[in-house]
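For reference, the structure discussed in these notes is given below.
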Amino acid sequence: EEEIPEDHPRYQDLLTRHRIEKGVEKGITHLQGMHAEGRGSAFDYLLGEETLPSADAAERAAAAHLLLADHPVLSINGNVAALVPGEMAALADAVDADLEVNLFNRTPERIKAIADHLREHGAADVKGLEADAHIPNLDHKRAKVDADGIYEADVVLVPLEDGDRAEALDEMGKTEIVIDLNPLSRSPQVADVPIVDNIIRAIPNVTDHARELADADEARLRAITDDFDRERALEEAETRIRNGIDR
Ligand code: PTJ
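Numbered continuously in full-length UniProt numbering, the sequence shown closes out at residue 260.
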């Protein structure tokens, strides 16, 4: 990461790509994760590579949901682990959530590599190794979750999630927070809180909001979640992308 000069106009994008490459080398990130990153990067370019006001509102609503939850769980895949391992551990700390490794392309080797990587970055406890429960209405292999983790969680943060799984989790009645740079993809479309922002910017900002709201009472947190308008957030992101094409 030292090789990229910080004043390079595409610094953040290059840094992100570099982290994904390292993730693949370390056996954390799946090769498909490089394609996912490429798609995300294109959308981020059109969004102006900044957090929209509607995304900031979504990030604040996400923080409020996580603080209100009885059992919040933050889901980790190979891209999330490569890009923001320490930041996810810090968020888990701030809202008292569990971290659970949950992979689309599941192998025992990657689960273990990711759990180790998270612990190296400050995670205390990592779930996802048991995989003793199943999300209903989903292909067996992709449905595996921990019974005392995602399965019984009331609020789940699922960044860069596959559309089928996002839908199945929604059908389980969970409050679902999705981070995805493509506002048209199915996961943000079914989310209670769609965050259309780069995960690199989104997670630290959710944590900042959570720390700021740490002493807020339930009524104040509920007012924040009730005020959040998911349709508007998705619309604003889409409009910004259309304008980005015109720019
Ligand atoms: O590690 P695994 O096996 O669980 O696999 C993870 C990936 C991401 C490879 C897998 O879930 C996958 O193929 O996902 P998709 O269908 O490519 O969806 C990824 C979505 O995340 C796309 O809509 C991208 O635009 C978006 N995305 C990519 N990078 C970022 C992002 N969103 C926010 N921040 C990013 N940095």
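Here a beta-carbon is modelled for each residue, glycine too, at the ideal position from N, C-alpha and C.
{"Query": "Taking 6 Å as the cut-off, is the beta-carbon of N150 closer than that to any non-hydrogen atom of the ligand PTJ?", "Result": "no"}
{"Query": "Going by the C-beta, is L194 closer than 6 Å to any heavy atom of the ligand PTJ?", "Result": "yes"}
{"Query": "Does the count of Cβ pairs from the segment 74-91 and the segment 153-170 closer than 8 Å reach three?", "Result": "yes"}
{"Query": "Ordered along the chain, which non-local residues of its own chain (more than five positions away) have a Cβ less than 7 Å from that of D228?", "Result": "none"}
{"Query": "Quick check: the segment 238-258 against the segment 52-71, are at least 3 beta-carbon pairs closer than 8 Å?", "Result": "yes"}
{"Query": "Is the distance from the Cβ of L79 to the Cβ of V108 below 7 Å?", "Result": "yes"}
{"Query": "Give the list of continuous beta strand (DSSP E) stretches no shorter than 3 residues that lie fully inside the segment 113-175.", "Result": "168-172"}
{"Query": "Roughly how many angstroms separate the alpha carbons of E178 and R119, rounded to a whole number?", "Result": "According to the sequence displayed, residue 178 carries Arg and not Glu. The alpha-carbon atoms of R178 and R119 are separated by roughly 14 Å."}
{"Query": "Which complete beta strand (DSSP E) runs does the segment 187-211 hold, if anything under 3 residues is left out?", "Result": "188-192 and 206-208"}
{"Query": "Output the residue ranges of the beta strand (DSSP E) runs that lie fully inside the segment 20-104 and measure 3 residues or longer, sorted by chain position.", "Result": "85-89"}
{"Query": "Run the proximity test for N218: is its beta-carbon closer than 6 Å to any non-hydrogen atom belonging to the ligand PTJ?", "Result": "no"}
{"Query": "For E50, which residues of its own chain have a beta-carbon under 6 Å away from its beta-carbon, when the five flanking residues on both sides are left out?", "Result": "I33"}
{"Query": "What residues match up with D111 in a beta bridge as DSSP calls it?", "Result": "V86"}
{"Query": "Could you tell me the distance, in whole angstroms, from the CA atom of D152 to the CA atom of A181?", "Result": "10 Å"}
{"Query": "Check whether the Cβ atoms of T220 and L104 sit closer than 7 Å, and answer yes or no.", "Result": "yes"}
{"Query": "Determine the extent of the alpha helix (DSSP H) in which R253 is found, giving its start and end residues.", "Result": "R243 to D259"}
{"Query": "Please classify E113: is it buried, with 16 or more other beta-carbons within 10 angstroms of its beta-carbon, or exposed?", "Result": "buried"}
{"Query": "Out of curiosity, what's the CA-to-CA distance linking E16 and H31?", "Result": "10 Å"}
{"Query": "When you compare only the Cα positions, how much space is there between A137 and I127?", "Result": "13 Å"}
{"Query": "Quick one: is the Cβ of S198 within less than 6 Å of any heavy atom of the ligand PTJ?", "Result": "yes"}
{"Query": "Taking the straight line between their C-alpha atoms, what separation do you get for I124 and E19?", "Result": "32 Å"}
{"Query": "Can you find a heavy atom of the ligand PTJ that lies under 6 Å from the Cβ of N92?", "Result": "yes"}
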